[in-house]
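> The structure is given below, and queries will be raised subsequently.
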């Protein structure tokens, strides 16, 4: 046996073991950091949803006084209550908004919509507007919104679209559960969701922020929120 060869084999074995051990430690540390971040986001969302659930009690039913929408429009600007029926009156956004949203599959939105109608039609049959289940969505990030409009040419919009596609391709599918349903003081019935796996909304928004550097610094929603509008109340039971 050649002592030098044996020593070389031992040295290589020790190096490979040390390298593999470091890789395992780094992987474990990364996994732990990811788990800690996910748990932190869950806690932040829970606190946020707790606050939203208190909104109606703390501020009262402002929707009975024809309050405003999140677009700073009066409810009467968007809905007409006539002859016991609610009719939406859509208006073009001025200035136009450029919103990035995630849609909820009708496989899930239709049963939710049916359940909401079953509960609320018995009490608000003539003063409620139900969101189209085909349009259930989660607002994620605005490249431009009504508070801070960011004008863009067609080429700039196309560049934004490509940037968003690049972000979307880097994300892991979201698995979510309905945490609670809350009624806000402005009369919006909201589904508030938690994430069980996949790329967290906070991370998605951070990636979109980097991909869309000209977007308004102040966004319309909290970075961890994941919510859907189910219906809007326009009058008393």
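In mature numbering (1 follows the signal peptide of the UniProt record, and there is no 0), the protein residues as written are -30 to -1, 1 to 207.
No residue lacks a Cβ here, since even glycine has one placed at the ideal position from N, Cα and C.
From 145, 67 and 105, pick the residue whose C-alpha is nearest to that of residue 190; which is it?
Position 220 of the chain shown, counting from 1, holds the residue named residue 190. Answer by Cα proximity: 67.
> Which residue spans inside the region 54 to 98 form an unbroken alpha helix (DSSP H) run of at least 4?
For the region 54 to 98, whole alpha helix (DSSP H) runs of length 4 or above, ordered along the chain, are 76 to 94.
> Compare the Cα-Cα distances from residue 150 to each of 21, 11 and 74 and report the closest residue.
Locating residue 150 in the chain shown gives position 180, counting from the first residue. Checked all of 21, 11 and 74; the closest Cα to residue 150 is 21.
> Can you tell me the Cα-Cα spacing of residue 185 and residue 92, whole angstroms?
Stepping through the chain shown from its first residue, residue 185 is reached at position 215. Stepping through the chain shown from its first residue, residue 92 is reached at position 122. In a straight line, the C-alpha of residue 185 is about 43 Å away from that of residue 92.
> Report back the beta-carbon spacing between residue 18 and residue 192 to the nearest angstrom; my notes put them in contact at under 8 Å.
Start at 1 with the first residue of the chain shown, and residue 18 comes out as number 48. Start at 1 with the first residue of the chain shown, and residue 192 comes out as number 222. The C-beta distance from residue 18 to residue 192 rounds to 6 Å, short enough to meet the 8 Å contact threshold.
> Quick check: what's the CA-CA separation for residue 197 versus residue 164?
Residue 197 sits at position 227 when you count from the first residue of the chain shown. Residue 164 sits at position 194 when you count from the first residue of the chain shown. Each residue's Cα considered, the two are about 9 Å apart.
> Closer than 7 Å by C-beta to residue 69: which residues in its own chain qualify, once you throw out the five before and the five after it? Chain order, please.
For this step, residue 69 is matched to residue 99 along the chain shown. Counting only Cβ-Cβ distances below 7 Å, and skipping sequence neighbours, we find 109 and 112.
> From residue 1 to residue 79, what does the alpha carbon distance come to, in whole angstroms?
Position 31 of the chain shown holds residue 1. Position 109 of the chain shown holds residue 79. For residue 1, the predicted structure reports a pLDDT of 48, less than 50, and the residue's modelled location is therefore unreliable. A value from the coordinates is still provided. If you take the alpha carbons of residue 1 and residue 79, they lie about 33 Å apart.
> So, at 8 Å on beta carbons, what are the nonlocal neighbours of residue 28 in its own chain, with the 5 sequence-adjacent residues on each side left out?
Within the chain shown, the letter at position 58 stands for residue 28. Answer for residue 28: 155, listed in chain order.
> Would you give the residue range spanned by the alpha helix (DSSP H) that residue 176 belongs to?
Position 206 of the chain shown, counted from the first residue, corresponds to residue 176. Where residue 176 is concerned, the enclosing alpha helix (DSSP H) stretches over 171 to 181.
> So for residue 184, helix, strand or coil by DSSP?
Here residue 184 refers to the residue found at position 214 of the chain shown. Three-state DSSP puts residue 184 in coil, outside helix and strand.
> Helix, strand or coil: how does DSSP classify residue 167 here?
Residue mapping note: residue 167 aligns to position 197 of the chain shown, counting from 1. If DSSP states are grouped into helix, strand and coil, residue 167 belongs with the strands.
> Taking 8 Å as the limit between beta carbons, can you name the residues of its chain near residue 133, skipping five residues before and five after?
Within the chain shown, the letter at position 163 stands for residue 133. For residue 133, same chain residues with a beta-carbon under 8 Å away, outside a window of 5 residues either side, are 181 and 182 in chain order.
> Kindly indicate which three-state DSSP category residue 192 falls into: helix, strand or coil?
The residue given as residue 192 occupies position 222 in the chain shown. The answer is coil: DSSP assigns residue 192 none of H, G, I, E or B.
> So, at 7 Å on beta carbons, what are the nonlocal neighbours of residue 175 in its own chain, with the 5 sequence-adjacent residues on each side left out?
As a first step, residue 175 must be located in the chain shown, where it is residue number 205. Counting only Cβ-Cβ distances below 7 Å, and skipping sequence neighbours, we find 110, 111 and 193.
> Which complete alpha helix (DSSP H) runs does the region 96 to 158 hold, if anything under 4 residues is left out?
124 to 139
> Quick one: using the 10 Å Cβ neighbour count with 16 as the cut-off for buried, is residue 97 buried or exposed?
Taking the chain shown and counting its residues from 1, the one referred to as residue 97 is at position 127. Buried, since its Cβ has 16 or more Cβ neighbours within 10 Å.
> Please determine, among 30, 117 and 161, the residue with the shortest C-alpha to C-alpha distance to residue 85.
The residue labelled residue 85 in the question sits at position 115 within the chain shown. Selected option, being the one with the closest Cα: 161.
> In angstroms with no decimal places, state the Cα-to-Cα distance between residue -7 and residue 107.
For the purposes of this step, residue -7 is taken as residue 24 along the chain shown, with counting starting at 1. For the purposes of this step, residue 107 is taken as residue 137 along the chain shown, with counting starting at 1. Low local confidence applies: a pLDDT of 47 at residue -7 is under 50, so the model's placement there is unreliable, and no value is given.
> From what residue to what residue does the beta strand (DSSP E) around residue 200 run?
Here residue 200 refers to the residue found at position 230 of the chain shown. Segment 197 to 203, the beta strand (DSSP E) holding residue 200.
> Determine the burial state of residue 203: buried for a count of at least 16 other Cβ atoms within 10 Å of its Cβ, exposed for fewer.
Looking up residue 203 in the chain shown gives position 233. That one is buried.
> State the beta-bridge partners of residue 161 as determined by DSSP.
The residue given as residue 161 occupies position 191 in the chain shown. In DSSP, residue 161 forms a bridge with 151 and 198.
> So, residue 122 versus residue 11, is the Cβ gap smaller than 9 Å?
Translated into the one-based positions of the chain shown, residue 122 becomes position 152. Translated into the one-based positions of the chain shown, residue 11 becomes position 41. Against a cut-off of 9 Å, the Cβ pair of residue 11 and residue 122 comes out as no contact.
> Quick check: the Cα distance between residue 105 and residue 99, rounded to an integer number of angstroms?
As a working note, residue 105 is residue 135 in the chain shown. As a working note, residue 99 is residue 129 in the chain shown. Taking the straight line from one Cα to the other gives about 14 Å.
> Rounded to a whole number of angstroms, what is the C-alpha to C-alpha distance between residue 25 and residue 94?
Position 55 of the chain shown, counted from the first residue, corresponds to residue 25. Position 124 of the chain shown, counted from the first residue, corresponds to residue 94. Spanning the two alpha carbons is a distance of roughly 20 Å.
> Counting C-beta neighbours from all protein chains within 10 Å, is the total for residue 33 16 or more, i.e. buried, or is it exposed?
Within the chain shown, residue 33 is the residue found at index 63, counting from 1. Classification of residue 33: buried, given that the 10 Å Cβ count is 16 or more.
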